[in-house]
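See structure below.
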Amino acid sequence: MNRATHKGLSFSYLLLVSLLVLCLPGMARAGLQIDISKGGLQPMPIAIPKFLDTNPDGSVNPSAAMGNRIADVIASDLERSGLFQILDRKGFLQDSASLWKEGPNFSDWRKNGAEAVVSGAVIDSGGQVNADFFLHDVYRGAPVGKGQRFSAPKPEWHLVAHRIADEIYSRLTGESGYFSSRIVFVAERGDKKWLSIMDQDGLNRTDLTEGRSLVLTPRFSPSGETIFFVSYVSGEPRIYRRELYTGKTYPEGDYPGLNSAPSWAPDGSKMAMTLNKDGNAEIYVKDLGSGTLTRLTQNPGIDTSPSWSPDGRRIVFNSDRGGSPQIYTMNADGSNQTRITFAGNYNAAPSWSPRGDLIAFVKGGGGGFGISVVNPQGNQERTLTSSWMDESPAWAPNGRVIAFTREMQGKGSKLYTIDLTGQNERIVPMEADIRASDPSWSPLLR
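The opening residue of the sequence shown carries number 1 in the UniProt record's numbering; numbering runs sequentially from there.
Structural data, given as C-alpha coordinates:
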(Lines of atoms letter the chains of each structure in order from A; the text may use other names.)
(Lines give C-alpha, C1' and ligand atoms only; values in the text may rest on other atoms or scores of the structure.)
Protein backbone atom coordinates (compact mmCIF):
# COMPACT_ATOMS: atom_id res chain seq x y z
CA MET A 1 0.00 0.00 0.00
CA ASN A 2 1.48 3.38 -0.97
CA ARG A 3 1.23 6.43 1.18
CA ALA A 4 0.51 10.05 0.39
CA THR A 5 3.54 12.31 0.05
CA HIS A 6 3.90 16.08 -0.08
CA LYS A 7 6.37 18.68 -1.23
CA GLY A 8 6.62 22.42 -1.74
CA LEU A 9 4.85 24.19 -4.63
CA SER A 10 6.35 26.02 -7.56
CA PHE A 11 3.94 28.00 -9.74
CA SER A 12 3.04 31.61 -10.49
CA TYR A 13 0.69 32.13 -7.58
CA LEU A 14 3.45 31.18 -5.13
CA LEU A 15 5.19 34.48 -5.95
CA LEU A 16 2.17 36.48 -4.85
CA VAL A 17 1.82 34.53 -1.64
CA SER A 18 5.56 34.79 -0.90
CA LEU A 19 5.40 38.57 -1.24
CA LEU A 20 2.47 38.69 1.15
CA VAL A 21 4.34 36.58 3.68
CA LEU A 22 7.40 38.87 3.44
CA CYS A 23 5.33 42.01 3.81
CA LEU A 24 3.13 40.64 6.59
CA PRO A 25 5.34 38.24 8.55
CA GLY A 26 3.15 38.09 11.64
CA MET A 27 -0.05 37.54 9.76
CA ALA A 28 0.91 34.10 8.46
CA ARG A 29 1.46 32.85 12.01
CA ALA A 30 -0.85 34.93 14.19
CA GLY A 31 -4.39 35.57 13.02
CA LEU A 32 -6.84 32.68 13.02
CA GLN A 33 -6.55 30.25 15.90
CA ILE A 34 -9.06 27.85 17.45
CA ASP A 35 -8.62 27.06 21.14
CA ILE A 36 -9.69 23.42 21.09
CA SER A 37 -9.09 22.91 24.80
CA LYS A 38 -12.46 24.52 25.54
CA GLY A 39 -15.87 22.91 25.08
CA GLY A 40 -18.87 24.61 23.51
CA LEU A 41 -16.88 26.42 20.82
CA GLN A 42 -18.62 28.18 17.97
CA PRO A 43 -17.39 26.41 14.80
CA MET A 44 -15.19 28.54 12.53
CA PRO A 45 -16.86 29.38 9.18
CA ILE A 46 -14.56 28.12 6.42
CA ALA A 47 -15.01 28.08 2.64
CA ILE A 48 -13.73 25.04 0.74
CA PRO A 49 -14.53 25.59 -2.95
CA LYS A 50 -14.09 22.85 -5.52
CA PHE A 51 -10.42 22.37 -6.35
CA LEU A 52 -9.61 23.35 -9.91
CA ASP A 53 -8.86 20.39 -12.21
CA THR A 54 -5.82 21.18 -14.35
CA ASN A 55 -3.49 19.56 -16.86
CA PRO A 56 0.30 19.40 -16.35
CA ASP A 57 0.71 22.58 -18.42
CA GLY A 58 -1.62 24.48 -16.05
CA SER A 59 -4.63 24.61 -18.38
CA VAL A 60 -8.06 23.80 -16.97
CA ASN A 61 -9.36 20.27 -17.46
CA PRO A 62 -13.18 20.69 -17.49
CA SER A 63 -13.87 16.97 -17.94
CA ALA A 64 -12.16 15.90 -14.69
CA ALA A 65 -13.98 15.52 -11.37
CA MET A 66 -11.12 14.80 -8.95
CA GLY A 67 -11.02 18.38 -7.66
CA ASN A 68 -14.60 18.17 -6.48
CA ARG A 69 -14.06 14.80 -4.80
CA ILE A 70 -10.98 15.99 -2.92
CA ALA A 71 -12.69 19.19 -1.75
CA ASP A 72 -15.70 17.17 -0.55
CA VAL A 73 -13.53 14.87 1.59
CA ILE A 74 -11.63 17.82 3.08
CA ALA A 75 -14.92 19.51 3.94
CA SER A 76 -16.34 16.33 5.47
CA ASP A 77 -13.24 15.76 7.61
CA LEU A 78 -13.23 19.28 8.99
CA GLU A 79 -16.99 19.32 9.59
CA ARG A 80 -16.85 16.03 11.51
CA SER A 81 -14.24 17.49 13.86
CA GLY A 82 -16.93 19.83 15.17
CA LEU A 83 -14.56 22.80 14.95
CA PHE A 84 -15.56 24.09 11.51
CA GLN A 85 -18.73 25.30 9.81
CA ILE A 86 -18.47 24.42 6.13
CA LEU A 87 -20.06 27.17 4.02
CA ASP A 88 -22.40 26.28 1.15
CA ARG A 89 -20.60 26.53 -2.21
CA LYS A 90 -23.78 27.66 -3.94
CA GLY A 91 -23.44 31.11 -2.41
CA PHE A 92 -19.76 31.72 -3.25
CA LEU A 93 -19.10 35.00 -5.06
CA GLN A 94 -15.74 33.96 -6.51
CA ASP A 95 -15.33 30.87 -8.66
CA SER A 96 -12.57 28.27 -8.28
CA ALA A 97 -10.66 29.32 -11.41
CA SER A 98 -10.47 32.97 -10.39
CA LEU A 99 -9.61 32.03 -6.81
CA TRP A 100 -6.73 29.83 -7.91
CA LYS A 101 -5.29 32.00 -10.67
CA GLU A 102 -5.78 35.46 -9.19
CA GLY A 103 -5.92 34.81 -5.47
CA PRO A 104 -8.84 35.45 -3.10
CA ASN A 105 -11.10 38.46 -3.42
CA PHE A 106 -11.22 38.89 0.33
CA SER A 107 -14.10 41.36 0.17
CA ASP A 108 -16.27 38.74 -1.50
CA TRP A 109 -15.30 36.06 1.02
CA ARG A 110 -16.11 38.39 3.90
CA LYS A 111 -19.55 38.86 2.36
CA ASN A 112 -19.91 35.06 2.29
CA GLY A 113 -19.21 35.01 6.04
CA ALA A 114 -15.95 33.07 5.74
CA GLU A 115 -13.14 33.49 8.25
CA ALA A 116 -10.88 31.20 6.23
CA VAL A 117 -10.87 30.11 2.60
CA VAL A 118 -9.01 27.26 0.90
CA SER A 119 -7.83 27.47 -2.70
CA GLY A 120 -6.60 24.40 -4.52
CA ALA A 121 -5.82 22.72 -7.81
CA VAL A 122 -5.49 19.08 -8.84
CA ILE A 123 -2.99 18.21 -11.56
CA ASP A 124 -3.83 15.21 -13.73
CA SER A 125 -0.55 13.38 -14.33
CA GLY A 126 -1.51 9.89 -15.40
CA GLY A 127 -1.50 7.47 -12.49
CA GLN A 128 -0.64 10.10 -9.88
CA VAL A 129 -2.82 12.63 -8.07
CA ASN A 130 -1.06 15.90 -7.21
CA ALA A 131 -3.06 18.44 -5.22
CA ASP A 132 -1.78 21.95 -4.44
CA PHE A 133 -3.48 24.14 -1.88
CA PHE A 134 -3.31 27.43 0.02
CA LEU A 135 -5.08 28.46 3.22
CA HIS A 136 -6.08 32.10 3.63
CA ASP A 137 -7.09 34.25 6.60
CA VAL A 138 -10.00 36.25 5.18
CA TYR A 139 -10.10 39.12 7.68
CA ARG A 140 -6.36 39.70 7.69
CA GLY A 141 -6.21 39.23 3.94
CA ALA A 142 -3.14 37.03 4.27
CA PRO A 143 -2.04 33.42 3.82
CA VAL A 144 -1.86 31.05 6.78
CA GLY A 145 1.41 29.23 6.16
CA LYS A 146 2.80 28.40 2.74
CA GLY A 147 1.34 26.63 -0.25
CA GLN A 148 1.85 22.88 -0.23
CA ARG A 149 1.54 19.88 -2.52
CA PHE A 150 0.33 16.39 -1.57
CA SER A 151 0.62 13.40 -3.88
CA ALA A 152 -0.46 9.77 -4.02
CA PRO A 153 -1.29 7.11 -6.62
CA LYS A 154 -4.76 7.68 -8.05
CA PRO A 155 -6.40 4.72 -6.24
CA GLU A 156 -5.40 6.39 -2.96
CA TRP A 157 -6.58 9.89 -3.83
CA HIS A 158 -8.52 10.05 -0.56
CA LEU A 159 -5.20 10.10 1.36
CA VAL A 160 -4.34 13.33 -0.42
CA ALA A 161 -7.62 14.87 0.79
CA HIS A 162 -7.11 13.63 4.36
CA ARG A 163 -3.56 15.00 4.45
CA ILE A 164 -4.75 18.43 3.31
CA ALA A 165 -7.46 18.36 5.99
CA ASP A 166 -4.78 17.46 8.56
CA GLU A 167 -2.68 20.43 7.45
CA ILE A 168 -5.62 22.86 7.66
CA TYR A 169 -6.58 21.50 11.10
CA SER A 170 -3.00 21.85 12.32
CA ARG A 171 -2.53 25.40 11.07
CA LEU A 172 -5.80 26.63 12.58
CA THR A 173 -5.62 24.80 15.92
CA GLY A 174 -1.90 24.39 16.59
CA GLU A 175 -2.53 20.67 17.10
CA SER A 176 -1.71 17.65 14.95
CA GLY A 177 -4.54 16.41 12.74
CA TYR A 178 -5.92 12.86 12.71
CA PHE A 179 -7.74 12.54 9.39
CA SER A 180 -5.08 10.59 7.48
CA SER A 181 -5.41 7.64 9.84
CA ARG A 182 -7.27 4.34 9.82
CA ILE A 183 -9.31 2.28 12.27
CA VAL A 184 -9.19 -1.49 12.55
CA PHE A 185 -12.14 -3.12 14.30
CA VAL A 186 -14.21 -6.27 14.73
CA ALA A 187 -17.08 -6.38 12.23
CA GLU A 188 -20.08 -8.63 12.76
CA ARG A 189 -22.99 -9.76 10.65
CA GLY A 190 -25.25 -12.64 11.70
CA ASP A 191 -23.13 -15.22 13.51
CA LYS A 192 -19.85 -14.18 11.85
CA LYS A 193 -17.16 -11.89 13.24
CA TRP A 194 -14.14 -10.74 11.28
CA LEU A 195 -11.48 -8.03 11.23
CA SER A 196 -12.06 -5.01 9.04
CA ILE A 197 -10.11 -1.81 8.40
CA MET A 198 -11.26 1.58 7.12
CA ASP A 199 -10.35 5.25 6.93
CA GLN A 200 -11.21 7.15 10.11
CA ASP A 201 -14.30 8.58 8.38
CA GLY A 202 -15.72 5.10 7.69
CA LEU A 203 -14.84 5.03 3.97
CA ASN A 204 -12.70 2.55 2.03
CA ARG A 205 -13.50 -0.37 4.31
CA THR A 206 -11.57 -3.58 3.63
CA ASP A 207 -12.04 -6.98 5.30
CA LEU A 208 -8.89 -8.61 6.70
CA THR A 209 -10.30 -11.99 7.79
CA GLU A 210 -13.14 -14.13 6.48
CA GLY A 211 -15.24 -14.65 9.60
CA ARG A 212 -14.59 -18.38 9.89
CA SER A 213 -13.47 -18.07 13.52
CA LEU A 214 -14.04 -15.64 16.39
CA VAL A 215 -11.67 -12.65 16.49
CA LEU A 216 -11.19 -10.05 19.23
CA THR A 217 -9.23 -6.93 20.22
CA PRO A 218 -7.21 -5.91 17.14
CA ARG A 219 -4.39 -3.49 18.02
CA PHE A 220 -2.29 -1.38 15.64
CA SER A 221 1.48 -1.42 15.88
CA PRO A 222 3.23 1.94 16.39
CA SER A 223 4.24 1.89 12.71
CA GLY A 224 0.66 1.29 11.53
CA GLU A 225 1.88 -1.57 9.32
CA THR A 226 1.01 -4.52 11.57
CA ILE A 227 -1.73 -5.51 14.00
CA PHE A 228 -2.07 -7.93 16.89
CA PHE A 229 -5.41 -9.65 17.39
CA VAL A 230 -6.91 -12.58 19.26
CA SER A 231 -8.33 -15.47 17.22
CA TYR A 232 -10.04 -18.75 18.09
CA VAL A 233 -9.03 -20.35 14.77
CA SER A 234 -7.26 -23.16 16.69
CA GLY A 235 -10.19 -23.58 19.09
CA GLU A 236 -8.37 -21.72 21.87
CA PRO A 237 -7.77 -17.95 22.23
CA ARG A 238 -4.37 -17.20 20.72
CA ILE A 239 -2.64 -13.93 19.77
CA TYR A 240 -1.71 -13.44 16.12
CA ARG A 241 0.29 -10.85 14.23
CA ARG A 242 -0.84 -9.71 10.77
CA GLU A 243 1.27 -7.67 8.36
CA LEU A 244 -1.13 -5.35 6.57
CA TYR A 245 0.95 -4.84 3.43
CA THR A 246 1.73 -8.50 2.80
CA GLY A 247 -1.30 -10.18 4.38
CA LYS A 248 1.02 -12.57 6.23
CA THR A 249 -0.44 -13.82 9.53
CA TYR A 250 1.32 -15.89 12.17
CA PRO A 251 0.98 -16.67 15.91
CA GLU A 252 2.66 -14.36 18.41
CA GLY A 253 1.13 -15.61 21.66
CA ASP A 254 0.65 -19.39 21.77
CA TYR A 255 0.77 -20.32 25.44
CA PRO A 256 -1.39 -22.83 27.33
CA GLY A 257 -4.79 -21.49 28.40
CA LEU A 258 -5.97 -17.92 27.87
CA ASN A 259 -3.99 -15.61 25.57
CA SER A 260 -5.64 -12.19 25.42
CA ALA A 261 -5.46 -8.37 25.52
CA PRO A 262 -2.34 -7.76 23.38
CA SER A 263 -0.75 -4.32 23.55
CA TRP A 264 2.26 -2.97 21.61
CA ALA A 265 5.09 -1.16 23.34
CA PRO A 266 5.56 2.30 21.78
CA ASP A 267 8.84 1.28 20.12
CA GLY A 268 7.27 -1.90 18.71
CA SER A 269 9.81 -4.16 20.42
CA LYS A 270 7.57 -5.75 23.07
CA MET A 271 4.03 -6.99 23.60
CA ALA A 272 2.12 -6.84 26.87
CA MET A 273 -0.69 -9.38 27.21
CA THR A 274 -2.78 -11.41 29.64
CA LEU A 275 -2.02 -15.10 30.16
CA ASN A 276 -3.35 -17.63 32.65
CA LYS A 277 -0.80 -20.33 31.86
CA ASP A 278 0.29 -20.41 35.52
CA GLY A 279 -3.24 -20.74 36.88
CA ASN A 280 -4.38 -17.12 37.14
CA ALA A 281 -4.91 -14.23 34.72
CA GLU A 282 -1.74 -12.14 34.95
CA ILE A 283 0.05 -9.58 32.79
CA TYR A 284 3.20 -10.62 30.96
CA VAL A 285 5.55 -8.87 28.55
CA LYS A 286 7.11 -10.67 25.60
CA ASP A 287 10.25 -9.37 23.91
CA LEU A 288 9.37 -9.73 20.22
CA GLY A 289 12.99 -10.12 19.19
CA SER A 290 14.27 -12.71 21.65
CA GLY A 291 10.92 -14.25 22.63
CA THR A 292 11.73 -13.76 26.32
CA LEU A 293 8.60 -13.76 28.49
CA THR A 294 8.47 -11.74 31.74
CA ARG A 295 5.66 -11.88 34.28
CA LEU A 296 4.72 -8.47 35.71
CA THR A 297 1.81 -9.15 38.11
CA GLN A 298 1.22 -11.83 40.71
CA ASN A 299 -1.84 -11.83 42.95
CA PRO A 300 -5.13 -13.77 43.30
CA GLY A 301 -7.13 -11.18 41.34
CA ILE A 302 -7.61 -10.94 37.58
CA ASP A 303 -5.10 -8.59 35.93
CA THR A 304 -5.79 -7.69 32.31
CA SER A 305 -6.11 -4.98 29.61
CA PRO A 306 -2.56 -3.56 29.65
CA SER A 307 -1.84 -0.32 27.79
CA TRP A 308 1.58 1.34 27.55
CA SER A 309 2.38 4.97 28.28
CA PRO A 310 3.74 6.72 25.16
CA ASP A 311 7.26 6.86 26.61
CA GLY A 312 7.20 3.09 27.26
CA ARG A 313 8.10 3.49 30.93
CA ARG A 314 4.73 2.60 32.47
CA ILE A 315 1.73 0.38 31.88
CA VAL A 316 -1.88 0.97 32.90
CA PHE A 317 -4.04 -2.09 33.50
CA ASN A 318 -7.28 -3.37 34.96
CA SER A 319 -7.47 -5.51 38.13
CA ASP A 320 -10.15 -6.71 40.54
CA ARG A 321 -7.60 -7.43 43.29
CA GLY A 322 -9.36 -4.91 45.52
CA GLY A 323 -12.76 -6.55 45.15
CA SER A 324 -14.04 -4.71 42.06
CA PRO A 325 -12.57 -3.84 38.63
CA GLN A 326 -10.34 -0.79 39.00
CA ILE A 327 -7.52 0.95 37.11
CA TYR A 328 -3.89 0.53 38.19
CA THR A 329 -0.56 1.72 36.87
CA MET A 330 2.89 0.16 37.21
CA ASN A 331 6.39 0.62 35.89
CA ALA A 332 7.23 -1.31 32.75
CA ASP A 333 9.15 -3.86 34.85
CA GLY A 334 6.11 -4.53 37.07
CA SER A 335 7.23 -2.45 40.04
CA ASN A 336 5.24 0.27 41.83
CA GLN A 337 1.74 -1.12 41.15
CA THR A 338 -0.65 1.66 42.18
CA ARG A 339 -4.42 1.96 42.11
CA ILE A 340 -5.60 5.25 40.53
CA THR A 341 -9.43 4.93 40.43
CA PHE A 342 -11.56 4.80 43.57
CA ALA A 343 -14.94 6.29 42.60
CA GLY A 344 -17.46 3.63 41.58
CA ASN A 345 -17.41 -0.16 41.55
CA TYR A 346 -16.55 -0.68 37.89
CA ASN A 347 -13.63 0.98 36.09
CA ALA A 348 -12.08 -1.06 33.30
CA ALA A 349 -10.52 -1.24 29.80
CA PRO A 350 -7.92 1.54 30.22
CA SER A 351 -6.15 3.14 27.26
CA TRP A 352 -3.24 5.55 27.66
CA SER A 353 -3.38 8.69 25.53
CA PRO A 354 -0.67 9.24 22.87
CA ARG A 355 0.04 12.52 24.65
CA GLY A 356 0.63 10.75 27.95
CA ASP A 357 -1.54 13.16 29.91
CA LEU A 358 -4.74 11.12 30.25
CA ILE A 359 -6.05 7.58 30.50
CA ALA A 360 -9.43 6.72 28.97
CA PHE A 361 -11.48 3.90 30.52
CA VAL A 362 -14.96 2.43 30.83
CA LYS A 363 -16.90 3.53 33.89
CA GLY A 364 -19.97 1.65 35.06
CA GLY A 365 -22.74 2.89 37.32
CA GLY A 366 -26.32 4.07 37.39
CA GLY A 367 -27.48 1.29 35.10
CA GLY A 368 -25.10 2.14 32.26
CA PHE A 369 -21.50 2.34 31.09
CA GLY A 370 -19.70 5.36 29.69
CA ILE A 371 -16.26 6.57 28.67
CA SER A 372 -14.28 8.59 31.22
CA VAL A 373 -10.77 10.03 31.40
CA VAL A 374 -8.41 10.54 34.33
CA ASN A 375 -4.81 11.69 34.60
CA PRO A 376 -2.10 9.09 35.41
CA GLN A 377 -2.05 10.21 39.05
CA GLY A 378 -5.76 9.41 39.41
CA ASN A 379 -6.91 13.04 39.55
CA GLN A 380 -9.33 15.20 37.54
CA GLU A 381 -11.60 12.38 36.41
CA ARG A 382 -14.18 13.43 33.81
CA THR A 383 -17.04 11.56 32.16
CA LEU A 384 -17.25 12.05 28.37
CA THR A 385 -20.12 9.73 27.41
CA SER A 386 -23.03 8.03 29.13
CA SER A 387 -25.12 5.26 27.61
CA TRP A 388 -26.48 1.78 28.19
CA MET A 389 -23.13 0.30 27.11
CA ASP A 390 -20.13 2.32 25.91
CA GLU A 391 -16.82 0.43 25.92
CA SER A 392 -13.43 -0.15 24.23
CA PRO A 393 -12.03 3.41 24.13
CA ALA A 394 -9.27 3.99 21.55
CA TRP A 395 -7.35 7.24 21.06
CA ALA A 396 -6.87 9.10 17.78
CA PRO A 397 -3.17 9.66 17.02
CA ASN A 398 -3.35 13.31 18.13
CA GLY A 399 -4.84 12.44 21.53
CA ARG A 400 -7.83 14.75 21.00
CA VAL A 401 -10.54 12.30 19.91
CA ILE A 402 -11.61 8.90 21.26
CA ALA A 403 -13.31 6.15 19.27
CA PHE A 404 -15.46 3.71 21.24
CA THR A 405 -18.04 0.98 20.90
CA ARG A 406 -21.69 1.74 21.73
CA GLU A 407 -23.92 -1.27 22.29
CA MET A 408 -27.57 -0.36 21.79
CA GLN A 409 -30.20 -2.53 23.41
CA GLY A 410 -31.62 -4.86 20.79
CA LYS A 411 -29.82 -3.03 17.94
CA GLY A 412 -26.24 -4.29 18.13
CA SER A 413 -23.09 -2.20 18.36
CA LYS A 414 -21.65 0.69 16.34
CA LEU A 415 -18.50 2.79 16.51
CA TYR A 416 -18.70 6.36 17.75
CA THR A 417 -16.20 9.16 18.32
CA ILE A 418 -16.14 11.87 20.98
CA ASP A 419 -13.96 14.95 21.41
CA LEU A 420 -11.78 15.15 24.51
CA THR A 421 -13.98 18.02 25.75
CA GLY A 422 -17.00 15.68 25.81
CA GLN A 423 -18.50 17.51 22.81
CA ASN A 424 -19.17 16.47 19.20
CA GLU A 425 -20.28 12.86 19.65
CA ARG A 426 -20.55 11.26 16.19
CA ILE A 427 -21.38 7.83 14.82
CA VAL A 428 -18.81 6.45 12.38
CA PRO A 429 -20.67 5.89 9.08
CA MET A 430 -20.93 2.24 8.08
CA GLU A 431 -23.26 -0.20 6.35
CA ALA A 432 -26.48 -0.50 8.34
CA ASP A 433 -26.30 -4.30 8.64
CA ILE A 434 -22.76 -4.38 10.06
CA ARG A 435 -22.19 -4.28 13.79
CA ALA A 436 -18.82 -2.97 14.91
CA SER A 437 -16.71 -3.17 18.09
CA ASP A 438 -13.16 -3.15 19.51
CA PRO A 439 -11.69 -0.20 17.55
CA SER A 440 -7.97 0.52 17.36
CA TRP A 441 -6.70 3.75 15.80
CA SER A 442 -3.61 3.81 13.58
CA PRO A 443 -0.90 6.48 13.58
CA LEU A 444 -1.00 9.01 10.76
CA LEU A 445 -0.31 7.61 7.30
CA ARG A 446 2.63 9.41 5.71
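Note that beta-carbon positions come from the ideal geometry of N, C-alpha and C, so glycine has one too.
- Segment contact: the stretch 294-309 against the stretch 276-283, three or more CB-CB distances shorter than 8 Å; contact assigned.
- The beta carbon of Phe84 is closer than 6 Å to those of Pro43, Met44, Ile46, Leu78 in its chain, skipping five residues each way along the sequence.
- In the assembly as shown, Met330 is a buried residue. Its beta-carbon has 16 or more other beta-carbons within 10 Å.
- Within the stretch 165-228, the beta strand (DSSP E) runs of at least 3 residues that lie entirely inside it are, in chain order, 182-189, 192-199, 215-220.
- Contact check for Arg400 against Glu167 fails: the beta carbons are separated by 8 Å or more.
- For a cut-off of 8 Å, the C-beta gap from Val117 to Val138 is around 6 Å, short enough to register as a contact.
- Taking all protein chains shown into account, Trp388 has fewer than 16 neighbouring C-beta atoms within 10 Å of its C-beta and is therefore exposed.
- In the structure shown, the three-state DSSP call for Ile36 is coil.
- Short of 7 Å from the beta carbon of Leu288, and not among the five residues preceding or following it, lie these beta carbons of its own chain, in chain order: Ser269, Lys270, Met271.
- Under the Cβ criterion (8 Å, minimum of three pairs), the stretch 191-198 does not count as touching the stretch 89-108.
- For Gly412, the uninterrupted beta strand (DSSP E) segment begins and ends at 412-419.
- Annotation for Val129: the continuous beta strand (DSSP E) segment containing it runs 128-137.
- Cβ contact annotation for Arg426 (same chain, cutoff 7 Å, sequence separation greater than five): Arg80, Tyr416, Thr417, in chain order.
- Annotated as proximal: Phe361 and Ala348, with beta-carbon spacing under 8 Å.
- Look at Asn68 here: in three-state DSSP terms it is helix.
- In this structure, Thr341 is the residue among Thr341, Asp311, Asn336 with its C-alpha nearest to the C-alpha of Asp320.
- The beta carbon of Ile48 sits closer than 7 Å to those of Ala71, Ile74, Ala75, Ile86, Val118, all from its chain and outside the five residues before and after it, given in chain order.
- About 6 Å separates the beta carbon of Arg382 from that of Ser372, a gap short enough to meet the 8 Å contact definition.
- If you look at Phe106, you'll find it in the alpha helix (DSSP H) that goes 106-111.
- Counting the other CB atoms within 10 Å of its CB gives Glu210 a total below 16, which places it among the exposed residues.
- With a 10 Å radius around the Cβ and a threshold of 16 neighbouring Cβ atoms, Leu159 comes out buried.
- Linking Leu135 to Ser98 through their CA atoms gives a straight-line distance of about 15 Å.
- Sorting Arg446, Val285, Ile402, Asp390 by C-alpha distance to the C-alpha of Gly312 places Val285 at the top.
- The DSSP assignment places complete beta strand (DSSP E) segments of no fewer than 3 residues inside the stretch 76-110 at 84-86, in order along the chain.
- DSSP, read as helix, strand or coil, puts Lys270 in strand.
- Judged by beta-carbon spacing, Ile123 lies within the 8 Å limit of Thr54, meaning their Cβ atoms are closer than that value.
- Scanning Ile227, Glu407, Val374 for the CA closest to the CA of Ile434 turns up Glu407.
- Under the three-state reduction of DSSP, Lys154 is assigned to helix.
- Between the alpha carbons of Asp35 and Gly177 lies a gap of roughly 14 Å.
- Within the model, the alpha-carbon separation for Arg140 versus Leu203 is close to 36 Å.
- Spatial neighbours of Asn112 in its own chain (CB-CB distance under 8 Å, excluding positions within 5 residues in sequence) are listed in chain order as Ala47, Leu87, Gly91, Phe92, Leu93.
- For Glu243, the pairing in a beta bridge is given by DSSP as Thr226.
- Taking 8 Å as the upper bound for CB-CB distance, Leu214 and Tyr232 are in contact here, some 4 Å apart.
- The Cβ-Cβ distance between Pro222 and Pro443 falls below 8 Å.
- Residue pairing of Leu275 in beta bridges, as defined by DSSP: Asn259, Glu282.
- Leu296 and Arg212 have their alpha carbons spaced roughly 34 Å apart.
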